[in-house]
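Asks:
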Amino acid sequence: MRITFTEPELPKAGALAIGILEDRKFLAGGGAADRRSRGALSRAMSASRFTGKPGQMLEIMVPMGLGMDRVVLYGLGKPGDIDATGIENAGGAVVGQLLLSGLRQVTFAAEVVEGAGLGVAEIAARLAFGAQLAGYRFDKYFTKQKPEQKPSLRQVVVTAKGATAAKAAYRPLEKVAEGVAFARDLVSEPGNTLHPAEFADRLRGLEALGVTVELYGEKQLAAMGFGALLGVGHGSVRESHLVVMEWKGPGAPEAGKPLCLVGKGVTFDTGGISIKPAGGMEDMKWDMAGAAAVAGTMKALAGRKASAHVVGLVGLVENMPSGSAQRPGDVVTSLSGQTIEVINTDAEGRLVLADVLWYAQDRFKPSAMVDLATLTGAIIVSLGHEHAGLFASDDPLADRLLGAGKAVAEPLWRMPLGAAYDKQIESPIADMKNIGGRDGGSITAAQFLQRFTKGVPWAHLDIAGMAWSSKAKPTVPKGATAFGVRLLDRLVRDHYEAK
Ligand code: BES
Ligand code: MN
Ligand code: ZN
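In my numbering, the protein residues as written are 93 to 591.
1) Just the C-alpha distance for Lys563 and Phe230, rounded to the nearest angstrom, thanks.
2) Three-state secondary structure (DSSP) at Phe360?
3) Secondary structure at Ile472, three-state DSSP: helix, strand or coil?
4) Find the nearest neighbour of Pro100 within the set Gly355, Arg492 and Val204, judged by alpha-carbon distance.
5) Counting along the chain, where does the beta strand (DSSP E) carrying Lys554 start and finish?
6) Shortest alpha-carbon distance to Gly341 belongs to which of Leu295, Leu393 and His287?
7) Val500 by DSSP, collapsed to three states: which one?
8) How far does the beta strand (DSSP E) with His401 in it extend, from its first residue to its last?
9) Give the single residue among Gly106, Val444, Ala220 and Ala315 whose Cα lies nearest to the Cα of Asn526.
10) Reducing DSSP to helix, strand and coil, say where Gln197 ends up.
11) Is it right to say Val554 is buried, meaning 16 or more other beta carbons lie within 10 angstroms of its own, or is it exposed?
12) Under 8 Å between the Cβ atoms of Thr96 and Arg116?
13) Which two residues bound the contiguous beta strand (DSSP E) that contains Pro94?
14) With a threshold of 8 Å, are at least 3 pairs of Cβ atoms found where one atom belongs to the stretch 182-198 and the other to the stretch 238-246?
15) Assuming contact is defined by CB atoms lying nearer than 8 Å, are Ala168 and Ala185 in contact in what I supplied?
16) What residues does the ligand BES have around it, judged by CB closer than 5 Å to any heavy atom, in chain order?
17) With DSSP as the reference, please indicate the residues paired to Tyr308 in a beta bridge.
18) Thinking Ala490 and Ala496 are a contact (beta carbons under 8 Å), I'd like their distance in whole angstroms, please.
19) First and last residue of the beta strand (DSSP E) that includes Arg135?
20) Using the Cα positions of Ile112 and Tyr166, report the straight-line distance between them to the nearest angstrom.
21) Residue ranges of each beta strand (DSSP E) run of no fewer than 3 residues wholly in the stretch 232-320, ordered along the chain?
22) Does the stretch 433-443 come close enough to the stretch 524-543 to have 3 or more Cβ pairs within less than 8 Å?
23) Three or more beta-carbon pairs under 8 Å between the stretch 456-470 and the stretch 342-362, yes or no?
24) Rounded to whole angstroms, what is the Cα-Cα separation between Arg162 and Leu191?
25) For Asp361, count neighbouring Cβ atoms within 10 angstroms of its own Cβ and tell me buried if that reaches 16, exposed if not.
26) Let's test the definition: count the other Cβ atoms within 10 Å of the Cβ of Met153 and tell me whether it reaches 16, buried, or not, exposed.
27) Using the three-state DSSP reduction, which class does Tyr451 fall into: helix, strand or coil?
28) Along the chain, where does the alpha helix (DSSP H) containing Phe540 start, and where does it finish?
29) Taking the Cβ atom as the reference point for each residue, do Leu449 and Met380 lie within a distance shorter than 8 Å?
30) If Leu265 and Phe221 are in contact, beta carbons under 8 Å, what's the gap, nearest whole angstrom?
31) Given this structure, state the Cα-to-Cα distance separating Ala202 from Ile215, to the nearest angstrom.
32) Which residue's Cα is closest to the Cα of Thr573: Leu150, Leu583, Ala314 and Trp560?
33) Could you give the distance in angstroms between the alpha-carbon of Glu114 and the alpha-carbon of Lys145?
34) Can you give me the Cβ contacts of Ser399 inside the same chain, cut-off strictly under 7 Å, excluding the 5 residues immediately before and after it?
35) In its own chain, which residues sit with a C-beta less than 6 Å from the C-beta of Phe274, not counting the 5 before and 5 after it?
36) Considering just the uninterrupted stretch of the alpha helix (DSSP H) at Tyr228, what are its terminal residues?
Set out below in structure tokens:
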């Protein structure tokens, strides 16, 4: 989607999107447009149930007295309730409505709202951000789309008094949207194309933004001692990889410790020898969504030149059954030296993360580590598709994450950790086993990870229920959500940047 900002003027073609306050109240510019149409807009409102509540929309075709093809009224609600997420949702909902409409252009008239917490530049920027996020499509594999199935909308114009300030406010958000799209592309890609080497290759692309990208293949990982990660990839003909992405932005503290972001990147999870049932197994192409979120965040941070020191690390493997696959009962030695009895080869994500977490803390001595993983089906049983599970060894870090999640509408719910859960993963033959039984399955998975954090403040986000969406939302089309990118970007912005 092309997005531009200009000073207020009425468009001559396409759609004009006008915000309406609760109880059908126009802002100044909308009121002027209503008068030019000799009241057609207010009549359209009173002839319908549109009252200006957030989420409401009303389309008016070829409005009389106005030059454009369509007017879309969208509800803003009460001025005091207007926030960034609400404005993004409005921008996203309008774009969602018009994407396939046949129109090529929509113009949002951003205006000052008395009594709102946001200024006009911020409102304009958030409308644009929502519009950009909603315009995402993954359609590269369609070869036979009919013209009416293809998006027609190409251009979003946002008009605002002080367009330059609006444009400046949008610049960092545009970079976040690029990070989101990058992550969505990775998550959407099927397992036959996005295997570990291809994933690593795409991460190499971040070098152009100034990110240092290091790639480790199986030979190096074996020499380094990544026994837990390599065991997972053993059954696959695709080579396993570790990718380390380091961003040290301008003005980032020279001496300070970095923030480490760690992602589970299982490019396809069959379950291995503990094979999954066929129904729904195709979903396991997105078992790398944690790694994609880390990659998308690195892209966003580097794109907007965040003045922070952040290291992203992703373990990329394919979990396949074969003659060379690891077996239930195998014992592997992790990078930490701790041994693991692999009871179930389908509990593979924690094996990958165990080595990557250990490596991250050992090499970078981070001030904090956050991992993201589509780790357990059990977290979906607990929290559905409304919250990701948050597990943390450190309360301030947990609170920062909860706050960031709330601010960007990527909500987290904190789950417990504790010694009694940890006991569930004791093994009769090794230092631990990789599953703790059905009860508290997400918690015992987190306990397992904690054993590889060596006391560094750490948080784990189990995003299994949030990585893929079967329902479209205003700024998140169906499919890959890129959950975590906006959250982590916000975490860095609020707590890890030199101000
Ligand atoms: N990738 C899955 C978890 C998952 C399930 C993600 C559904 C998204 C949707 C993970 O590797 C897995 O298979 N976990 C097992 C663990 C079990 C064997 C202890 C699970 O949740 O069933
Ligand atoms: Mn699995
Ligand atoms: Zn998995």
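All C-beta atoms, glycine included, are put in the ideal place defined by N, C-alpha and C.
Replies: Put simply:
1) Going by C-alpha positions, Lys563 is about 15 Å away from Phe230.
2) DSSP places Phe360 in strand when its eight states are reduced to three.
3) If DSSP states are grouped into helix, strand and coil, Ile472 belongs with the helices.
4) Closest by alpha carbon: Val204.
5) Reading the sequence as shown, one finds Asp at residue 554 and not Lys. Asp554 -> beta strand (DSSP E) spans Trp550 to Asp554.
6) The alpha carbon of Gly341 has as its nearest neighbour, out of Leu295, Leu393 and His287, the alpha carbon of Leu393.
7) DSSP places Val500 outside both helix and strand once states are collapsed to three, so it counts as coil.
8) In this chain, the beta strand (DSSP E) harbouring His401 covers His401 to Asn411.
9) Considering only alpha carbons, the answer is Val444.
10) Strand, per DSSP.
11) According to the sequence provided, residue 554 is Asp. The question's Val does not apply to it. Burial check for Asp554: the Cβ neighbour count within 10 Å reaches 16 or more, so the residue is buried.
12) Result no, Cβ atoms of Thr96 and Arg116 do not sit closer than 8 Å.
13) The sequence shown places Arg at residue 94, not Pro. Start and end: Arg94 to Thr98.
14) When C-beta atoms of the stretch 182-198 are compared with those of the stretch 238-246, three or more pairs fall below 8 Å, so the two segments count as touching.
15) Inspection of the sequence shows that residue 168 is occupied by Leu rather than by Ala. Not closer than 8 Å, so no.
16) A Cβ closer than 5 Å to some heavy atom of the ligand BES marks a residue here, and those residues are Asp361, Asp379, Asn436, Asp438, Ala439, Gly441, Thr466, Thr468, Gly469, Ile527 and Ala556.
17) According to DSSP, which records beta bridges pairwise, Tyr308 is partnered with Leu334.
18) Not really, about 11 Å apart at Cβ, beyond 8 Å.
19) Arg135 -> not in any beta strand (DSSP E); alpha helix (DSSP H) instead, spanning Ala132 to Ser138.
20) When rounded, the separation of the alpha-carbon atoms in Ile112 and Tyr166 is 6 Å.
21) Correct list: 247-251 and 304-308.
22) Verdict: yes, contact present.
23) Using a C-beta cut-off of 8 Å, the stretch 456-470 makes contact with the stretch 342-362, since at least three inter-stretch Cβ pairs fall below that distance.
24) Computed Cα separation, rounded: 13 Å.
25) It is buried - the Cβ of Asp361 has at least 16 other Cβ atoms within 10 Å.
26) Exposed: under 16 other Cβ atoms inside 10 Å.
27) The three-state secondary structure of Tyr451, taken from DSSP, is helix.
28) If you look at Phe540, you'll find it in the alpha helix (DSSP H) that goes Gly533 to Gln542.
29) Cβ atoms of Leu449 and Met380: not closer than 8 Å.
30) Rounded, the Cβ-Cβ distance is 4 Å, consistent with contact.
31) So the two alpha carbons sit approximately 7 Å from each other.
32) The residue with the shortest Cα to Cα distance from Thr573 is Trp560.
33) Taking the straight line joining both Cα atoms gives about 5 Å.
34) Excluding five sequence positions before and after Ser399, the CB atoms of its chain that fall closer than 7 Å to its own CB belong to Gly341, Pro342, Gly343, Ala344, Glu589 and Ala590, given in chain order.
35) Contacts found: Gly388 and Lys391.
36) Counting along the chain, Tyr228 falls outside any alpha helix (DSSP H), and DSSP gives it neither H nor E.
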